[in-house]
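Asks:
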Amino acid sequence: MPRCPVCNAKLAGATSCRRCGCDLSLTEQARRQARQALSRALQAWRNNQTEDAHAWLKQALMWDSSELTIKVASFIKTRLSLS
Ligand SMILES: [Zn+2]
């Protein structure tokens, strides 16, 4: 996460913001969970397990609603609808 979502200070990889003191470790954990869920969605799609893929996408979006997660989930959903 390059910037603090609260005050927009640069984070430089820190898990807490030096400007406002916001603890971002839970946010980072949620993003990791989301990335893992996206990875599992891709694996499920490759294995033609469409229902599982949709379930993992739902999990990913529950963990993280960042623009990147939304775009990757949308990309996978498009592939699922084509298969
Ligand atoms: Zn901050």
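Counting from 1, one number per residue, gives the positions in the sequence shown under the working numbering.
C-beta atoms are modelled at their ideal positions from N, C-alpha and C, and glycine is treated no differently.
These numbers were taken from a predicted model, which means no experiment stands behind them.
Using DSSP with H/G/I as helix, E/B as strand and the rest coil, what is residue 64?
Replies: Counting from 1 along the sequence shown, the entry for residue 64 is found at position 64. Correct three-state label for residue 64: coil.
Asks: Compute every distance between the C-beta of residue 12 and the non-hydrogen atoms of ligand 1, then say whether any falls below 8 Å.
Replies: Here residue 12 is taken as the residue at index 12 of the sequence shown, counted from 1. No.
Asks: Consider the C-beta atom of residue 9 and the heavy atoms of ligand 1; say whether any pair is separated by less than 8 Å.
Replies: Taking the sequence shown and counting its residues from 1, one reaches residue 9 at position 9. Yes; taking the cut-off as 8 Å, the Cβ of residue 9 has a heavy atom of ligand 1 nearer than that.
Asks: How is residue 19 classed by DSSP in three states: helix, strand or coil?
Replies: Numbered from 1 along the sequence shown, position 19 holds the residue referred to as residue 19. Reduced to three states, the DSSP call for residue 19 is coil.
Asks: Pick out whichever of 15, 36 and 35 has its Cα sitting closest to the Cα of residue 26.
Replies: By 1-based counting over the sequence shown, the position of residue 26 is 26. Comparing Cα-Cα distances from residue 26 to each of 15, 36 and 35, the minimum goes to 15.
Asks: Taking 8 Å as the line, does the beta carbon of residue 6 fall inside it for any heavy atom of ligand 1?
Replies: Locating residue 6 in the sequence shown gives position 6, counting from the first residue. Checking every heavy atom of ligand 1 against the Cβ of residue 6, one is found closer than 8 Å.
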